[in-house]
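Chemist: Quick mapping for you: the protein sequence lines, in order, are chains A, B and C. Sequential numbering of the first sequence, starting at 234, is according to the working numbering. Sequential numbering of the second sequence, starting at 112, is according to the working numbering. Sequential numbering of the third sequence, starting at 5, is according to the working numbering. Don't be surprised by glycine CBs; every beta carbon is placed ideally from N, CA and C.
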Amino acid sequence: MSTKATTKTTYQLPIGPIHPALKEPVMFEFEMDGERIIEADVKLGHVHRAIEWTGMRRNSIQIIYLAERICGICSFVHPFAFCRAVESACDIEVPERAHYLRTIHGELERICSHMLWAGVAAHEIGFDSVLFLTWEMREKVLDLTEYLTGNRVTKGIMTLGGIRRDITPDQIPKIKETLNYLKDNFEKLRHVYLDDKTFKMRSQGVGILTKEDALKLCAVGPTTRASGIKKDVRVDQPYAAYGDIDMKHMTPDLLTGEVNGDVYDRIIVRLLEVKQSIEIMEEALDKMPSGDIVSEPKIPKLLAHIKKTVGEGVGRDEAPRGEVIHYVKFDGENENPYTWKVRASTYNNILAWIPMLKGEQIADIPIVAASTDPCMSCTNRVTIIDKNKKYILDKEQLHRLSVQKTRRLMR
Amino acid sequence: MAKGLPKSFKKALWVYHCNSGSCNGCDIEIVAALCPRYDVERFGIKLVGTPRHADVMLITGPVTRQLKEKVKRVYDQMPDPKAVICVGNCGNTGDVFYESYNLVGPVDNVIPVDVYVVGCPPRPEAIIDAVAKAWVKLETLEAKK
Amino acid sequence: MSKENLDPKGLVKYFKDEFKTKIKKAEITVKPSGSNKREMTHIWMKIDKSIFKPFIKHLCEYQFPHMAVVSGNDYPKEIELVYHFSLDFGKERKEISLNVAVDVPKSKPEIETICDYIPGALITEREKQEMLGVKIIGIPDSRRLFLPDDFPEGVYPWRKNEKGMEKLIRNLHEVKK
């Protein structure tokens with residue numbers, strides 16, 4: 234029997250499928266050495282509802298409502314990208330006023346989504362009162378959404394060739410009031426997230442994604458902009474009214490002058506984008522021309538036109554989380570599309586989790602996973618198998634580990 | 112309001128949230144119910160992280176094939192007396208996903224449901240109303256014993 | 005990036021010079037894309053399966069592309085895979101979208117992987133393997149992605165006239181009397 238000390242073996246840590254800080258139930262498997270992560274593996278598929286298969290059995294107008302329910306937070310961008318793909322394949326034109334209205338609604342949704350994310354990130358670090366502060370501000374923006382479209386979350390205002398509801402002149406004062414409220418409180422938000430010592434300690438140097446990794450793994454959205462790569466569909470290939478508005482890529486060196494690719498940089502990019510969205514909305518409201526809002530209001534005529542088309546089209550746009558792309562192909566015999574392919578933005582960012590999580594501690598898993606903004610926190614149990622002992626850590630304990638680390642750093 | 116409801120809740124309900132494949136719209140409205148606008152915490156209703164502490168389970172989403180066993184396991188881990196609230200149209204009858212190869216029926220094919228909340232997604236007020244109805248049901252069940 | 009940034013016509017010529025007749029179709033479409041009659045440029049190409057891997061290598065030598073997704077069309081005798089790339093991101097308003105289609109015969113549905121050049125293509129290639137039944141040669145990780153593990157083998161949901169799914173399709177809102 235050898236008297237040399239046996240090397241510590243690593244153990245496997247499965248987390249999921251219903252899990253802290255995630256868009257969909259996703260299963261992780263980590264290989265751990267003590268508290269550090271050595272390898273990470275991701276398993277998907279728990280929210281597979283067969284949407285593309287269903288979409289090939291319905292006509293284009295019904296698919297708009299199906300596409301809205303792919304994700305509840307990005308519920309404007311999926312119908313938007315689908316309509317762009319069909320309009321490009323079938324040559325349906327869109328009036329000028331509709332372009333500006335689509336821009337305004339898209340930016341409104343971006344503000345709601347980034348504020349939701351800011352609250353979730355604060356909750357993962359352990360500051361529940363910041364969660365309540367941010368979501369209270371978000372409620373005002375949701376009030377505006379309900380005033381303009383009728384519902385808070387799934388809006389249902391997109392249609393082929395335009396948009397379904399107009400913004401009348403008597404609605405404009407309320408929009409300006411909400412935007413002024415956001416501008417006044419933006420400084421408070423910035424001060425809480427960027428100047429606080431504890432936020433900095435928890436987020437600087439954690440979850441780093443290097444520039445080469447972000448380029449090779451084709452990451453999208455604020456995750457890749459925080460690593461210094463400039464990818465933004467609104468600026469590179471402008472659609473709707475973005476071509477008339479002067480905007481540039483938001484990277485962290487606009488505020489701090491350097492790019493690290495860690496969680497702190499992602500917070501900076503998202504806060505800068507909220508500010509940019511407010512400015513875009515104001516400019517679009519001022520420049521909006523008058524006119525029709527939809528080019529073909531009679532739906533049977535539209536469907537008859539689509540039935541005769543042979544062609545394919547691609548629609549891309551920029552969701553709050555990154556690029557969304559839809560591909561559609563028509564064969565000239567049915568109203569249903571021959572093929573419909575959807576790629577939501579989080580799928581490209583999932584591979585980016587693996588280099589970000591290697592070398593981190595367990596207590597940092599929630600904030601790193603949440604920093605790529607994968608939609609929502611759900612919860613589950615975590616089983617740690619350590620040699621022969623087996624003990625269960627649930628979400629409360631995982632969250633408590635994360636909060637305890639904050640308290641340790643604060644001392 | 113229901114008859115026989117005393118002036119304040121006798122027992123504060125602890126709530127566990129389970130996502131069985133939904134689009135997250137309903138999940139956001141559940142968390143929005145905790146925020147200062149609707150403030151469900153003043154009734155003592157708290158979101159807990161484990162089913163073993165919970166009285167009521169809020170379940171969203173049409174149940175996918177991969178999550179069917181896990182939902183059943185979570186239900187079995189809740190201690191009696193318990194209630195299940197199905198939030199959103201997906202779990203009630205399938206909503207837009209009425210025909211699919213990877214979905215295993217509405218939620219009441221998998222676990223018994225007590226309260227159904229309609230909407231896509233339902234407003235936070237409707238969710239709070241549903242929790243109150245589940246409370247009344249639990250109290251009547253206990254009174255019968 | 006070794007070359008100057010070419011415009012769409014120059015890009016098509018760059019590929020045609022190298023591969024000549026193996027490129028079956030190369031078309032540049034300009035479609036309206038926004039207010040003030042702004043336009044977007046898409047290049048649609050169809051290439052032969054034998055030059056697929058050298059084509060991708062040639063593309064990466066010009067500039068590392070952003071790989072969006074791989075979509076697939078199912079025809080009676082073959083499967084057409086369409087790879088969506090985009091180039092020249094980062095410079096304002098100059099992005100070009102490149103869509104490359106490759107035909108794979110159903111009698112031998114195989115194609116090489118591009119994960120050694122573009123690691124970010126792993127997830128979308130795994131999806132094609134399970135949904136359309138195209139075998140990707142050399143893929144580093146060939147497990148199932150979205151379908152559950154007990155889904156029957158050999159059944160591919162995106163193929164038209166797929167017979168093996170009759171037992172699996174459920175109608176959620178039907179009421180059993």
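Give the C-beta separation of B:I139 and A:L349 to the nearest angstrom, bearing in mind that I take them to be a contact with Cβ-Cβ under 8 Å.
Modeler: Position 28 of the second sequence, counted from the first residue, corresponds to residue 139 of chain B. Position 116 of the first sequence, counted from the first residue, corresponds to residue 349 of chain A. Indeed, because the Cβ distance is near 7 Å, the residues count as touching under 8 Å.
Chemist: Out of A:K276, A:R435, A:R499, A:E515, which has the shortest C-alpha to C-alpha gap to A:K416?
Modeler: For this step, residue 416 of chain A is matched to residue 183 along the first sequence. When each option's Cα is compared against that of A:K416, the closest is A:E515.
Chemist: Can you confirm whether B:T171, when its beta carbon is compared against all beta carbons of chain C, has any partner nearer than 9 Å?
Modeler: Translated into the one-based positions of the second sequence, residue 171 of chain B becomes position 60. No, its Cβ sits nowhere closer than 9 Å to a Cβ of chain C.
Chemist: Could you list the residues in the segment 175-201 of chain B with a C-beta less than 7 Å from some C-beta on chain C, going in chain order?
Modeler: Listed by position along the chain: R176, Q177.
Chemist: Could you tell me whether the segment 49-63 of chain C touches the segment 104-115 of chain C, using the rule of 3 or more Cβ pairs below 8 Å?
Modeler: The answer is yes - the segment 104-115 of chain C touches the segment 49-63 of chain C, with three or more Cβ pairs under 8 Å.
Chemist: Beta carbon of B:V182, beta carbon of B:I222: below 9 Å?
Modeler: Along the second sequence, one-based indexing puts residue 182 of chain B at 71. Along the second sequence, one-based indexing puts residue 222 of chain B at 111. The answer is yes: Cβ separation under 9 Å.
Chemist: Counting contacts by CB-CB distance shorter than 9 Å, is A:H311 in contact with chain C?
Modeler: Within the first sequence, residue 311 of chain A is the residue found at index 78, counting from 1. Chain C, which has no Cβ nearer than 9 Å to the Cβ of A:H311, makes this no.
Chemist: In this structure, how does DSSP classify C:D107 when only helix, strand and coil are distinguished?
Modeler: Start at 1 with the first residue of the third sequence, and residue 107 of chain C comes out as number 103. If DSSP states are grouped into helix, strand and coil, C:D107 belongs with the strands.
Chemist: What residues from chain A crowd round C:E82, counting only those whose CB sits closer than 8 Å?
Modeler: Working through the third sequence from its first residue, we reach residue 82 of chain C at position 78. Result: empty, since nearest Cβ-Cβ is about 14 Å, beyond 8 Å.
Chemist: Short of 8 Å in beta carbon distance, which residues of its chain neighbour A:K541, apart from the five on each side in sequence? Order them along the chain.
Modeler: Translated into positions along the first sequence, residue 541 of chain A becomes position 308. G565, listed in sequence order.
Chemist: Excluding the 5 residues preceding and the 5 following A:L375 in the sequence, name in chain order all residues of the same chain whose CB lies nearer than 6 Å to its CB.
Modeler: Along the first sequence, read from residue 1 onward, the residue named residue 375 of chain A stands at position 142. So the qualifying residues of the chain are R385.
Chemist: What did DSSP end up calling B:D187 once you bin it into helix, strand or coil?
Modeler: Against the second sequence, residue 187 of chain B aligns to sequence position 76. Correct three-state label for B:D187: helix.
Chemist: Here's the rule: buried if 16 or more other CB atoms are within 10 angstroms of the residue's CB, otherwise exposed. What is A:D597?
Modeler: Indexing the first sequence from 1 puts residue 597 of chain A at position 364. A:D597 is buried by the Cβ-count criterion.
Chemist: Can you tell me whether C:N77 is helix, strand or coil according to DSSP?
Modeler: Walking along the third sequence from the start, residue 77 of chain C turns up at place 73. In this structure, C:N77 counts as strand in the three-state DSSP scheme.
Chemist: Assuming C:K50 is part of the alpha helix (DSSP H), what are its boundary residues?
Modeler: The residue you call residue 50 of chain C lines up with position 46 of the third sequence. That residue, C:K50, is in no alpha helix (DSSP H); its beta strand (DSSP E) goes 43-51.
Chemist: Residues of chain B with CB under 7 Å from C:N175, in chain order?
Modeler: Walking along the third sequence from the start, residue 175 of chain C turns up at place 171. Result: Y209, E210.
Chemist: Measuring CA to CA, which of C:G137, C:K164, C:K50 is closest to C:E157?
Modeler: Counting from one through the third sequence, the residue named residue 157 of chain C turns up at place 153. Comparing Cα-Cα distances from C:E157 to each of C:G137, C:K164, C:K50, the minimum goes to C:G137.
Chemist: Any beta carbon of chain C sitting closer than 9 Å to that of B:Y127?
Modeler: If you number the second sequence from 1, residue 127 of chain B lands on position 16. Judged by the 9 Å Cβ criterion, B:Y127 is not in contact with chain C.
Chemist: Just the C-alpha distance for C:P123 and A:D469, rounded to the nearest angstrom, thanks.
Modeler: Translated into the one-based positions of the third sequence, residue 123 of chain C becomes position 119. Translated into the one-based positions of the first sequence, residue 469 of chain A becomes position 236. So the alpha carbons of these two residues sit roughly 23 Å apart.
Chemist: Report the start-end ranges of each alpha helix (DSSP H) in the segment 146-194 of chain B that is 4 residues or longer and not cut off at the edges.
Modeler: As far as the segment 146-194 of chain B is concerned, its whole alpha helix (DSSP H) runs of at least 4 residues are 179-188.
Chemist: For A:V275, report the span of its beta strand (DSSP E) as first-last.
Modeler: Here residue 275 of chain A is taken as the residue at index 42 of the first sequence, counted from 1. Here the beta strand (DSSP E) through A:V275 covers 269-276.
Chemist: Mark A:K430 as exposed unless 16 or more other C-beta atoms lie within 10 angstroms of its C-beta, in which case mark it buried.
Modeler: The sequence position of residue 430 of chain A within the first sequence is 197, counting from 1. Counting Cβ neighbours within 10 Å, A:K430 comes out exposed, since fewer than 16 surround it.
Chemist: Does B:V215 get closer than 9 Å to chain E when you measure Cβ to Cβ?
Modeler: Checking the listed chains, one finds no chain E in this structure; the protein chains it contains are A, B and C.
Chemist: Could you tell me how far apart the beta carbons of A:P328 and A:S528 are, in whole angstroms, since I believe they sit closer than 8 Å?
Modeler: Residue numbering aside, residue 328 of chain A sits at position 95 when the first sequence is read from its first letter. Residue numbering aside, residue 528 of chain A sits at position 295 when the first sequence is read from its first letter. That pair is a contact at about 6 Å.
Chemist: For A:I441 and A:T605, I'd like the C-alpha separation in whole angstroms.
Modeler: The count along the first sequence starts at 1 and reaches residue 441 of chain A at position 208. The count along the first sequence starts at 1 and reaches residue 605 of chain A at position 372. Those two C-alpha atoms are separated by around 11 Å.
Chemist: With DSSP collapsed to three states, give me the class of B:A243.
Modeler: On the second sequence, position 132 is the one that residue 243 of chain B refers to. It is helical.
Chemist: Between A:C304 and B:N213, how many whole angstroms is the CB-CB distance? I'm expecting something under 8 Å.
Modeler: Counted from its first residue, the first sequence places residue 304 of chain A at position 71. Counted from its first residue, the second sequence places residue 213 of chain B at position 102. Actually they do not touch by this definition, with Cβ atoms about 17 Å apart.
Chemist: Just the C-alpha distance for A:G476 and C:K41, rounded to the nearest angstrom, thanks.
Modeler: Residue mapping note: residue 476 of chain A aligns to position 243 of the first sequence, counting from 1. Residue mapping note: residue 41 of chain C aligns to position 37 of the third sequence, counting from 1. Spanning the two alpha carbons is a distance of roughly 10 Å.
Chemist: Can you give me the C-alpha to C-alpha distance between A:Y560 and A:G352, rounded to a whole angstrom?
Modeler: As a working mapping, residue 560 of chain A is identified with position 327 in the first sequence. As a working mapping, residue 352 of chain A is identified with position 119 in the first sequence. Distance between the alpha carbons of A:Y560 and A:G352 is about 34 Å.
Chemist: Would you decide whether A:N621 is buried or exposed? Buried here means 16 or more other CB atoms lie within 10 Å of its CB.
Modeler: By 1-based counting over the first sequence, the position of residue 621 of chain A is 388. Bear in mind that a pLDDT of 37 at A:N621, under 50, signals an unreliable position, so the number given afterwards is only what the model happens to contain. With fewer than 16 Cβ atoms within 10 Å of its Cβ, A:N621 is classed as exposed.
Chemist: Under 9 Å, Cβ to Cβ, is there at least one residue of chain C near B:G230?
Modeler: Within the second sequence, numbered from 1, the residue matching residue 230 of chain B stands at position 119. So, not an interface residue.
Chemist: Look at the alpha carbon of A:E268 and the alpha carbon of A:R640, and state the distance between them as a whole number of angstroms.
Modeler: Within the first sequence, the letter at position 35 stands for residue 268 of chain A. Within the first sequence, the letter at position 407 stands for residue 640 of chain A. About 18 Å.
Chemist: Going by DSSP, what residues sit across from B:H128 in a beta bridge?
Modeler: Taking the first residue of the second sequence as position 1, residue 128 of chain B is located at position 17. Bridge partners of B:H128: B:L169.
Chemist: Quick one: which residues of the segment 435-448 of chain A get their C-beta closer than 8 Å to a C-beta of chain C? List them in chain order.
Modeler: The segment 435-448 of chain A vs chain C, Cβ under 8 Å: L448.
Chemist: If contact means a Cβ-Cβ distance below 8 Å, which residues of the segment 144-171 of chain B contact chain A?
Modeler: Against chain A - using a Cβ distance shorter than 8 Å - the residues of the segment 144-171 of chain B are C146, P147, R148, V159, G160, T161.
Chemist: Looking at A:A577: is its Cβ nearer than 9 Å to the Cβ of A:C307?
Modeler: Along the first sequence, read from residue 1 onward, the residue named residue 577 of chain A stands at position 344. Along the first sequence, read from residue 1 onward, the residue named residue 307 of chain A stands at position 74. Yes; because the gap between Cβ atoms is below 9 Å, this pair is in contact.
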